[in-house]
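See below for the structure under consideration.
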Amino acid sequence: MASGWRVQVRPEYADVVSRLWQERPSRYSRALLETLALIAYRQPITRSEIEDIRGVTVASTIMRTLHERNWIRVVGHREVPGHPELLGTTREFLDYFGLKSLDDMPTLAELQDLDDIKVQLEFPGGRAEAAAKPALAAPVEDALGEDDETDAADDDSGEEPQAPTLVAAPPGVDER
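Just so we're aligned, residue -16 is where the sequence shown starts under my numbering, counting upward by one.
Following this line, the structure appears as structure tokens:
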């Protein structure tokens, strides 16, 4: 791995060994992944700065999950009234996502290229391929199975999402 060694089981023994540990793959909410991406790309960053960028209050369950996974840590305090914590990522974050350093993360330009690929894969009445989404932006359920009211806009209603309709904007108009 990026920071050391990992013991793995040969494929022919995987069935036998997997019965010993009933592990479910972890699933994380879109809000948690957005928060983690902001910390990774803009570190050191305060919780209030994350809230300003996202436009909603960061749920305490999200911060708790990130701390429990040891993906983020307090790297200092901002010299303003209240001395808010400055957050940064940890070595465990890098290991989990298979990175040797923060320099190995895709640039924002590369992530925008992935969005362009996603748009090219869409067709009327269909859904875009999930593989076109970056790992830090894939919407999934919260590992704790709950979201705070502040992130309620990120919850799925259980209905099948409609494929977005692409509309060309006039040149020079920002589509955000």
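We put the CB at the ideal spot given by N, CA and C, even for glycine.
Here the structure is a predicted model, which means the values were calculated and not measured.
Could you check which residue in the options has the C-alpha nearest to that of residue i?
i	options	result
residue 47	11, -10, -13, -14	11
residue 86	8, 39, 72	72
residue 30	38, 69, 59, -2	69
residue 59	88, 44, 28	28
residue 90	21, 0, 7, 5	21
residue 9	94, 52, 83	52
residue -14	-7, -1, 83	83
residue 19	96, 61, 2, 77	77
residue 50	94, 74, 0, 36	74
residue 56	92, 26, -7, -2	26
Are there 16 or more other CB atoms within 10 angstroms of the CB of residue i, so buried, or fewer, so exposed?
i	result
residue -11	exposed
residue -5	exposed
residue 41	buried
residue 13	buried
residue 17	buried
residue 33	buried
If I'm right that residue i touches residue j with Cβ under 8 Å, what's the distance once you round it to whole angstroms?
i	j	result
residue 54	residue 79	7 Å
residue 15	residue 45	5 Å
Less than 7 Å separating the Cβ of residue i from some heavy atom of the ligand MG?
i	result
residue 18	The ligand content of the structure shown is nil, which means the ligand MG is not present either.
Complete alpha helix (DSSP H) runs within the stretch 67 to 91 (minimum length 4 residues, chain order): Counting whole runs of 4 or more residues, the stretch 67 to 91 contains the alpha helix (DSSP H) stretches 74 to 79.
- request: Report the residue ranges of all beta strand (DSSP E) runs contained in full by the stretch 2 to 76; include only those spanning at least 3 residues, in chain order.
  value: Runs of the beta strand (DSSP E) inside the stretch 2 to 76: 55 to 60, 68 to 72.
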